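Read left to right, the sequence shown gives residues 2 to 584 (our numbering).
Ideal placement from N, C-alpha and C gives every residue a C-beta, glycine not left out.
In this text the structure is predicted, and so the values were computed from the model without any measurement.
Below is one structure; the comments refer to it alone.
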Amino acid sequence: MKPAISLLILATLAAPASARAAEPAISVTLAPIAAPDHADAVGTVAVTLRFDGVAAAAGTPVLRLPLVASNVDTVATVMTGFEARDAAGPLRLTLRDVDLPETGMRDAVGGGPSREWLADRPVTGALTVRYSVPAQAALPPRGPAPPFSFSADGQGVSAAGHMFLLLPPGEGRYRTTYAWDLTRAPMGSRGVSSLGEGRRTAGELLTGAELRMSFFMAGRIGTWPAKVPAAGFFGAWQGSPCFDAKELLGWTGNLYDHYARFFARKDAQPYGVFLRHNPINAGGGVGLHRAFVTTFGENSCQDLGKIRLTLAHEMFHTFQPFIAEPGGLESSWFGEGLATFYQARLPFRFGLLTAEQYIDDVNWTAARYYTSVMARVPNREVAKRFWADTRVRTLPYDRGMLYFAVLDDELRKASGGKRSLDDLMKAMLAREATGARTSVADWEALLRQYSGEDAVGRFRAFLEGEMPVPASDAFGPCFQRVAKLLRRYELGFEPAVLAEQKRLVRGLIPGSAAASAGLRDGDEIVDPVPQDGIQGEQAQRLHLRIRRDQRVFSVAYLPRGDTVEAWQWERITGVPDKSCTLW
Ligand SMILES: [Zn+2]
């Protein structure tokens with residue numbers, strides 16, 4: 002714990018209206034403010050939070066914000082102009098830093114090192130808190146991370162609730178309103194949140210996790226459709242992608258409608274897809290509450306097929322079940338494995354991908370997994386080494402996908418095609434819908450019920466690191482399994498270096514491609530190095546900017562080591578397209 006710091010709160014705010022709502026309510030108003038030297042750009046975002054029905058005794062934490070969320074620094078240490086007041090007037094808050102247990106929040110992680118604000122007297126009536134955040138509030142990246150941080154570019158600004166929403170501790174549910182004050186924003190600005198455009202109140206009470214997993218985008222931004230509907234799919238983008246954002250979001254909206262039918266979900270709520278620029282590691286994305294965000298970069302025009310798959314993957318997260326016990330990364334094999342399994346299978350089933358596009362995606366995942374030197378690392382190691390090593394970080398996705406492919410095939414064959422993974426997934430979702438905390442024990446119970454005790458044994462072996470190998474026809478009757486010679490990913494030095502604040506090469510492997518290219522222990526790698534994508538690309542060279550002594554220069558090499566046999570699936574000639582799909 003760090004020493005507590007006192008904040009003297011200014012008494013300059015208007016008196017708030019008294020609390021009326023029977024249930025706790027939170028209203029978030031964001032005011033993007035044009036930069037003083039550049040009226041087209043957003044410079045800061047003024048945040049106003051109003052809480053009704055939130056009580057706290059003197060000396061107890063009123064509000065809380067993690068210092069880091071999913072490996073991204075929040076605004077806890079960079080916010081300015083903090084003020085708070087309640088019905089009794091200005092409220093003096095003291096802050097302290099605490100270490101909280103980490104908790105799973107669907108496909109993000111909450112808790113951890115956090116900042117708390119404690120009141121010096123009991124809080125009474127409506128509480129209003131104001132502070133400002135730089136529109137580009139990103140601290141130096143800690144390494145690979147989802148696109149949550151404040152990012153100002155292309156005359157807009159965006160961030161996830163994770164980054165800046167101070168919320169009361171505990172498991173409360175809140176009537177939630179998101180609103181915008183665009184009076185000081187660049188001309189022509191719009192404000193869109195995961196609840197839709199402008200001032201919007203959620204149709205149901207939101208948990209703190211759901212508030213944090215909301216997304217906000219404002220400024221001169223684009224949307225599809227041009228007018229954001231009150232319910233159903235919409236997309237918003239910030240900046241100038243090199244592809245046709247309207248066409249891409251139209252495809253995604255079509256897939257959304259198919260997903261909604263597949264999961265029998267009738268929504269009276271909006272569902273938002275957010276696209277923004279990412280100069281470092283474009284293509285990554287993350288599912289949020291009724292929304293997801295993904296990023297594009299300079300190479301995205303060539304990679305439109307990859308962006309479609311990312312959109313299909315992230316949007317699937319919004320519908321799918323998750324395992325809450327154990328939470329967080331330890332159960333990511335379930336959430337990420339299912340999403341990776343279905344990201345191409347469902348669009349293919351719905352006629353939105355060709356057979357070739359489908360099997361290419363299967364093969365990409367299979368190649369990355371079967372060439373990985375970490376392929377047999379037990380699942381319990383994943384959480385510990387997730388951010389430090391791309392070969393561990395990709396296991397929940399790749400090994401999870403292949404586990405589900407094996408299981409799906411077994412269920413189909415044992416039932417003569419009547420049952421599939423669809424049924425188990427929907428049963429898990431039904432359990433989640435009762436409000437129960439879904440657990441690994443629930444998953445094992447379903448395996449036992451649908452497939453017998455052997456399936457539980459195979460599942461436990463998978464968690465211990467056993468390599469799943471789907472049958473030759475597991476991806477449908479027009480594909481068959483073949484062994485191909487592929488090369489392992491080999492960075493050539495200690496991978497943990499890339500997840501550290503100052504990236505100094507150590508553990509250089511003599512004779513590796515990195516060593517042959519001239520890299521040396523002690524070299525500083527200037528820019529963050531994304532690897533999850535390149536790990537799956539046999540022919541892609543890794544480009545590093547190196548600082549050695551006073552010199553900065555580039556080193557490039559093909560980060561590949563040993564050649565190994567890897568399973569791939571190829572088209573059987575003569576089997577027509579129409580018999581390819583597994584329903
Ligand atoms: Zn995912």
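Where the alpha helix (DSSP H) containing residue i begins and where it ends
| i | result |
| --- | --- |
| Leu206 | Here Leu206 belongs to no alpha helix (DSSP H), and DSSP marks it neither H nor E. |
| Leu64 | Here Leu64 belongs to no alpha helix (DSSP H); instead the beta strand (DSSP E) covers 62–67. |
| Asp455 | 454–464 |
| Gln344 | 333–350 |
| Lys503 | No alpha helix (DSSP H) contains Lys503, which DSSP labels as neither H nor E. |
Backbone CA spacing between residue i and residue j [nearest angstrom]
| i | j | result |
| --- | --- | --- |
| Gln541 | Gly220 | 36 angstroms |
| Thr296 | Asp533 | 15 angstroms |
| Gly82 | Arg93 | 13 angstroms |
| Leu505 | Leu520 | 11 angstroms |
| Gly171 | Ala58 | 14 angstroms |
| Tyr656 | Pro187 | Residue 656 cannot be examined here, being either before or after the span of the chain that is shown, 2 to 584. |
| Trp584 | Tyr343 | 12 angstroms |
| Ala232 | Tyr179 | 16 angstroms |
| Gly298 | Arg461 | 40 angstroms |
| Leu196 | Arg548 | 45 angstroms |
| Ser28 | Glu205 | 14 angstroms |
| Pro226 | Lys247 | 8 angstroms |
| Ile222 | Ala340 | 29 angstroms |
| Thr355 | Pro280 | 30 angstroms |
| Gly453 | Arg420 | 14 angstroms |
| Asp74 | Pro114 | 11 angstroms |
| Pro169 | Asp87 | 14 angstroms |
| Leu543 | Pro379 | 28 angstroms |
| Val229 | Ser333 | 33 angstroms |
| Ile308 | Leu422 | 25 angstroms |
| Arg266 | Tyr558 | 48 angstroms |
Pair within 8 angstroms by beta-carbon distance, residue i and residue j
| i | j | result |
| --- | --- | --- |
| Phe351 | Leu256 | yes |
| Phe323 | Phe335 | yes |
| Phe235 | Pro271 | yes |
| Ala161 | Leu289 | yes |
| Val69 | Leu128 | no |
| Ile573 | Leu545 | no |
| Ser513 | Gly493 | yes |
| Ala515 | Ala406 | no |
| Met218 | Phe275 | yes |
| Ala153 | Ala42 | yes |
| Asp410 | Met429 | no |
| Trp388 | Ala283 | no |
| Gly155 | His278 | yes |
| Tyr175 | Pro25 | yes |
| Arg489 | Thr372 | yes |
| Arg400 | Pro469 | yes |
| Thr61 | Leu119 | yes |
Exposed unless 16 or more other CB atoms sit within 10 angstroms - verdict on residue i
| i | result |
| --- | --- |
| Gln551 | exposed |
| Glu571 | exposed |
| Gln502 | exposed |
| Cys479 | buried |
| Met426 | buried |
| Ala22 | Unreliable positioning characterises Ala22 in this predicted model, as indicated by a pLDDT of 46, which lies under 50. The coordinate reading is nonetheless provided below. Answer is exposed; the Cβ neighbour count stays below 16. |
| Cys302 | exposed |
| Ala374 | The sequence as given places Val at residue 374; Ala does not occur at that position. Burial call: exposed. |
| Ala15 | Only weak support is given to the placement of Ala15: the predicted model assigns it a pLDDT of 33, under 50, and the question is left unresolved by the model. |
| Gln450 | exposed |
| Thr366 | buried |
| Thr439 | buried |
| Thr395 | buried |
| Asp528 | exposed |
| Cys243 | exposed |
| Asp603 | With the chain represented from 2 up to 584, any question about residue 603 goes unanswered, as that position is not in the structure. |
Range of the contiguous beta strand (DSSP E) that encloses residue i
| i | result |
| --- | --- |
| His544 | 543–549 |
| Pro39 | For the sequence presented, residue 39 should be read as His rather than Pro. Looking at the DSSP string, the run of the beta strand (DSSP E) that includes His39 is 39–53. |
| Gly562 | 561–572 |
| Ser555 | 552–558 |
| Lys485 | 480–490 |
Proximity test, residue i beta-carbon vs ligand 3 heavy atom, cut-off 7 angstroms
| i | result |
| --- | --- |
| His318 | What this structure holds is ligand 1, not ligand 3. |
### Query
Which parts of the segment 216–285 are runs of the alpha helix (DSSP H), unbroken and 4 residues or longer, counting only runs that do not cross its ends?
246–263
### Query
What alpha helix (DSSP H) runs, 4 residues minimum, are completely inside the segment 359–405?
Qualifying alpha helix (DSSP H) stretches, in chain order: 383–386, 391–394.
### Query
What are the uninterrupted segments assigned as beta strand (DSSP E) that are 3 or more residues long and contained completely in the segment 145–175, given in chain order?
The qualifying runs are 152–154, 157–161.
### Runs of beta strand (DSSP E) lying entirely within the segment 73–120, each at least 3 residues, in chain order
81–87, 94–106, 109–120
### Message
Quick check on the DSSP output: what are the complete alpha helix (DSSP H) runs of length 4 or more inside the segment 292–331, in order along the chain?
### Response
For the segment 292–331, whole alpha helix (DSSP H) runs of length 4 or above, ordered along the chain, are 305–320.
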